[in-house]
Amino acid sequence: MKYFFSIFIIIFCMSATVLKTEKYYVTFVKGKVVFEMTKKQLKVGDVLSSEDRLVFVEKTAKVSCINPTKGRFDINPNLTKAKSSELFTIIKASLVPSVSKYKLSTRSIIFDGNDPYNYFASPETQNRILIVEQSPIVIKSTFKMDENNFFFLQFKVKEKIQTRKIQQNGQQLIFSKSNFANDHSNVPESVSICYQTNENGKTKSAVIAEFLPVLATSEEITNQVNLIKNVSEQKDRKKLKSDIVNHLFVNYGKIGAEELSTFIGY
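Sequential numbering from 331 applies to the sequence shown in my numbering.
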């Protein structure tokens with residue numbers, strides 16, 4: 331009797347483990363994706379099972395998720411609905427491990443601000459830079475910043491050059507959606523960040539870098555970072571930080587080490 335009881339306990343524990351590892355927590359959604367049965371739109375924080383079916387209403391839509399023990403995954407649609415341009419998928423058949431590896435710049439012991447030439451350049455992300463709205467980016471003191479010395483953006487809209495001055499607070503750059511907004515699209519595909527100086531009455535300006543801005547709110551990034559921290563069973567802080575870095579670099583773009591620390595707490 332004890333033997334059969336022991337076997338029952340082992341099977342029960344194994345089943346519980348399988349059920350636990352079959353949960354996938356949504357960490358990122360781009361575009362419109364809905365549950366096939368309920369038509370409810372998918373959002374960050376939703377919990378998926380391996381049997382769930384999703385409909386990708388937009389072909390460019392993307393979903394990322396995390397399993398507590400198996401790590402990060404992307405969900406790619408692999409089937410086309412009959413008589414429709416929509417794509418759909420069953421979770422268990424479309425999970426693709428996210429294996430991208432990005433290296434975050436090392437935090438300095440004494441931080442004197444970011445070098446804008448380096449900060450706004452990122453070949454590894456095809457120059458996609460994560461811009462967190464109203465979240466300050468500290469610039470090195472070698473770049474004088476006041477009413478006569480400042481940073482600004484330039485980009486084209488229908489062949490017309492748009493110029494937008496970036497809000498400054500001391501040595502901080504503070505971006506908002508209004509820096510990029512225009513009548514034809516929410517965010518331009520490519521912008522140039524420029525620096526203007528005024529010395530002895532002579533004004534000069536220079537292009538610092540050209541990049542692709544990817545905007546997000548502080549709340550959006552905070553929610554995703556906290557979700558990964560709370561769900562992951564990774565106990566090594568360095569590896570957990572690496573998971574968060576890769577999640578952000580893949581789905582948004584490059585973020586600075588100091589800026590990231592404000593979201594992860596270390």
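Ideal placement from N, C-alpha and C gives every residue a C-beta, glycine not left out.
Query	Result
In its own chain, which residues sit with a C-beta less than 6 Å from the C-beta of leucine 590, not counting the 5 before and 5 after it?	none
Would glycine 583 and leucine 460 be called neighbours here (beta carbons separated by less than 9 Å)?	yes
Going by beta carbon distance, what residues of the same chain come within less than 6 Å of glutamine 502, once the five residues before and after it are set aside?	Pro466, Val468
So within the stretch 339-403, which uninterrupted alpha helix (DSSP H) runs reach at least 4 residues, ignoring any that extend past its ends?	none
Taking only runs that begin and end inside the stretch 485-554, name each unbroken beta strand (DSSP E) of 3 or more residues, in chain order.	490-495, 497-499, 502-504, 521-529, 532-546
Do you know offhand how far phenylalanine 579's Cα is from cysteine 395's?	15 Å
In terms of residues, what are the limits of the alpha helix (DSSP H) holding phenylalanine 579?	567-581
Quick one: what does DSSP say valine 468 is sitting in, helix, strand or coil?	strand
Closest to glycine 375 by CA distance: which of Phe441, Lys559, Ser508 is it?	Lys559
Whose C-beta lies closer than 7 Å to the C-beta of arginine 494 among residues of the same chain, with five residues either side of it excluded?	Phe482, Leu483, Asn509
Got a sec? Which residues, its chain only, sit under 8 Å from leucine 570 by beta carbon, not counting five neighbours each side?	Ile558, Lys559, Ser562, Gln564
Looking only at its own chain, which residues have a Cβ that is under 7 Å from the Cβ of isoleucine 581, when we skip the five neighbours before and after it?	The question names isoleucine, yet the displayed sequence has asparagine at residue 581. Counting only Cβ-Cβ distances below 7 Å, and skipping sequence neighbours, we find Phe358, Ser394.
To which residues does DSSP link isoleucine 420 through a beta bridge?	Arg383
Determine the direct distance from the alpha carbon of glutamate 477 to that of glycine 500, and round the result to whole angstroms.	10 Å
Taking 6 Å as the limit between beta carbons, can you name the residues of its chain near methionine 475, skipping five residues before and five after?	Gln498, Gln501
Would glutamine 371 be called buried (16 or more neighbouring beta carbons within 10 Å of its own) or exposed?	exposed
Give me, in chain order, the residues of the same chain whose beta-carbon lies closer than 6 Å to that of serine 522; leave out the 5 immediate sequence neighbours on both sides.	Gln484, Val537, Glu540
If we ignore side chains and look at the alpha-carbon of each, how far apart do glutamine 456 and asparagine 406 end up?	21 Å
Helix, strand or coil for isoleucine 440, going by three-state DSSP, please let me know.	coil
Kindly indicate which three-state DSSP category valine 561 falls into: helix, strand or coil?	helix
Between which two residues does the alpha helix (DSSP H) containing proline 407 stretch?	Premise fails: proline 407 is in no alpha helix (DSSP H) and is neither H nor E.
Grab the span of the beta strand (DSSP E) containing leucine 425 for me, first residue to last.	425-427
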